[in-house]
Amino acid sequence: MDIKNKRILVLGGFGLVGQAVIKRLMVEGPEHIVITSMTKAEAESSVKYFSDLYRDKGTTFEPFWGNLFVRDAWKEEAREAILSDEVKRDRLIEDTLGDLTEDVLTSNTLYSAIEWARPDAIIDCINTSTAIAYQDLFSMSRQVRMALKNEGTPAATAGGATEMVERLLASLYIPQLIRHVQILHRALIDFKVNAYLKIGTSGTGGMGLNIPFTHSEERPSRVLLSKSSIAGAHSLLLFLMARTPHAATIVKEIKPTATIAWKEVKYGPIRKGGKAIELEQVAYEDAETLGSQLALRNWGEGKKDGVLEAVYIDTGENGIFSKGEFESISALGLMEMVTPEEIAENVARELMGASTGKDIMGALDASTMGPSYRAGYLRESALQMMSALEEKTDTASVAFEMLGPPRLAKLLFEAHLLKLIAKDFDGVKRHTPAELSEKSEQILKGNGMLRSQMISIGIPILTVDGKKLVRGQSLKIPPAKYGTTVDLNDDLRDTYAREGWVDLRTENMAIWQQRLVNIRAESEAFADDTGSGPDRSPSYWDNFNSINEGRLAAWIFTCEEGGERVKR
C-alpha cells in the first residue's frame, strides 16, 4: 500500500523498534500517526518528540495509552490492582474465557484504540508473547497447589485458595492470546483497516534450547519457553487471519531473531522496574552462618547507601545492560545483534508491497503443504466407492457429527429430507414450504432408523409447529459447557435450531427453497462459459437433476457464511 497521506496506528510506538518504525515511515509522508504506549507519560512524550522532530513535515501525531489486553475502563490500572478486586477479577476471567460478546469486544482497549484511530494500517510493535508469558503460570500453580493442600503461603493466607485459583484462570496463556487475536480480527474488519503488520519474536533471541541466558536455575527456563510457545502460537493465529476473507487486505509478520539494539549509551542510575537499584552495605564480618534453611528475601537490616550508577546501553524493551553483559549477549555465535533500523526498513518495504523475504506469513504460505492434484483426483474415487456401497447396502451415509460442527450435520440431514421428498431442484420448487414441512414430518414419523440416526448423534428434530423437540439423551446444541440446563425462549430456540437442530418449520423450508433458486441462478450465469473460470457450473450440480447433500452444505458454508479459504 502507499503510505503517503495515510493514517497509521503504531502499537508500542514508545519503544525502541516502534520509534525506528515511525522514523522510517516518515520518509513516505503519512498524514497522521497515532502512537500507543502503556502509560500516558510515555505516549505523550513520544508524540512531543516526533512533533518537534518533524514539525515541518505536515504529519500530525496523537497519543493513545493503556493496557490493550483489558477493558478500556481499566486500561490505566495495574494488573495486580485488577486481580486484587474480586468483581474486576471475575469480569476479567469472563472476558478471557467466556464467549466473545459485543460487550467484551467493544469494551476492550485494543478495539477502542483501533476504533478511535481509524487507521489505514497498523504496525504492532508490542512484544505480545512477553506480556502474556511473563505472568508466570508455573509459580502461580505451585502456590495454588500449596494452598489447596493447606500448606499455607502468604498469598493463600491473604486471599484464600479460591482467589488464587481465579488468578490462575485469569492468567492462562492461550485463552488470553486467542481472545486478543479474536478482538484484533473483528476490529480490522469493523474499521476497514487495509494492513496489519506484526513485529514478533522467537522468544530466545534466535537461539535454541541450549540458550545460556535464562530466567532461573533451569536452562532454558519454562517461562522463557512459554514466551517462545506464545510467539509461535501467535504466528499461526496470524497465519489463519491472513487466510480469512474480508479481514485486513494485508497481514504480515516480521520476526527478528537476534538482540535488538540499541537506543542510547549513557552513564547514570541503573533502574529495574522503573526504580534505581539501591546499594546495600554489609560488612564482611556480618556474613551469614549457613544452616538448614536460607532466607530468600528480607534478610538482615539491609542498610542502604546511595544507588548503583554505571555506564549502560539501553536496548529498549529488552532492558539495559552493562558493557560486559552486552558484549557477551551480542557476541558472535550467541544472540548476536540486529538494529531497529533494519527491522523498520523491512517493515516499511513489506507494507509498501515489496518482498523482503522476511515476512513470516509469506514463508508459511510458501512452505506449508496445501491441497494437491492427486488428492483431488482420488477424492472422486472415494466418493464413488462410498456411493456404490450405499446402494449395495441400501443405506444413506448422511452425518455422524464426529468432526462437527453440529450445523453441518443439521444441514446434511435437512438436505437429505429434501432429497427423499423431491428428488431434484425442480421437485423442491413444485412444493410449497408447508408441503415440504408436512412431508418431512411424515418421513421422520415412518422412518425410525433415520430418526434414530439423528437423535443418537445429538441432533434433535424441531417439529413443524416449533413447540416440540424429538431428541435423544444428549444434545450437541446448546453445548454442555453451559451446564446441565439452559434457559429457553423463542429467540434462543431459533438460534439453536439454526446451529444444530433439524428444523421442520415452514420458514426453514422456505429458506431451503430460496437457496436452491440462488444456486441455480449462480450456476446458470456460467452455463455458456466453457473456460476454467466457474467453480460450480450446471454440470457440477448434475444439471439440477438430483440433490447432493454434501455439495449443498459446502455451498452454504462457502457462499452464505463466508467460510471459503483464501489459499487453495
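For what it's worth, the working numbering labels the leading residue of the sequence shown as 390, then goes sequentially. Note that beta-carbon positions come from the ideal geometry of N, C-alpha and C, so glycine has one too.
A distance of 8 Å or more separates the beta carbons of residue 450 and residue 426. Between the stretch 915-934 and the stretch 875-884, the count of C-beta pairs closer than 8 Å stays below three; the two stretches do not touch. The closest CA to that of residue 649, considering only 576, 724, 616, is found on 724.
Residue 700 is classed as exposed because its beta carbon has fewer than 16 other beta carbons within 10 Å across all chains shown. When the five nearest sequence neighbours on each side are left out, the beta carbons in the same chain lying within less than 7 Å of the beta carbon of residue 613 are those of 592, 593, 603, 604, in order along the chain.
Assignment of beta-bridge partners to residue 511 by DSSP yields 398, 585. Note on geometry: alpha-carbon atoms of residue 584 and residue 941 lie some 34 Å from one another.
Within its own chain, the residues whose Cβ lies closer than 7 Å to the Cβ of residue 894, once the five positions on either side in sequence are excluded, are 826, 851, 853, 855, listed in chain order.
At the C-beta level, residue 392 and residue 741 come within 8 Å of one another.
With a cut-off of 8 Å on Cβ pairs, the stretch 413-423 is not in contact with the stretch 713-722, counting fewer than three such pairs. Here residue 673 is exposed, its C-beta having fewer than 16 other C-beta atoms within 10 Å. Here residue 703 is near residue 652, since their CB atoms are less than 8 Å apart. Counted as a single uninterrupted DSSP element, the stretch harbouring residue 623 is not any beta strand (DSSP E) but the alpha helix (DSSP H) occupying residues 611-631. In the displayed model, residue 914 falls within coil according to three-state DSSP, outside both helix and strand. Unbroken beta strand (DSSP E) stretches of 3 residues or longer found wholly inside the stretch 476-534: 510-513, given in chain order. In the DSSP annotation of this structure, residue 683 is not part of any beta strand (DSSP E), being labelled neither H nor E. Segment contact: the stretch 736-756 against the stretch 400-415, three or more CB-CB distances shorter than 8 Å; contact assigned. The stretch 489-501 makes no contact with the stretch 529-539, as fewer than three CB pairs between them are under 8 Å. In this structure, the beta-carbon distance from residue 642 to residue 750 falls below 8 Å. Distance between residue 575 and residue 491, taken at the CA atoms: about 10 Å. Leaving aside the five residues that flank residue 601 on each side, the residues in its chain whose CB is nearer than 8 Å to its CB run, in chain order, 608, 723. In the three-state scheme derived from DSSP, where H, G and I count as helix and E and B as strand, residue 421 is classed as strand.
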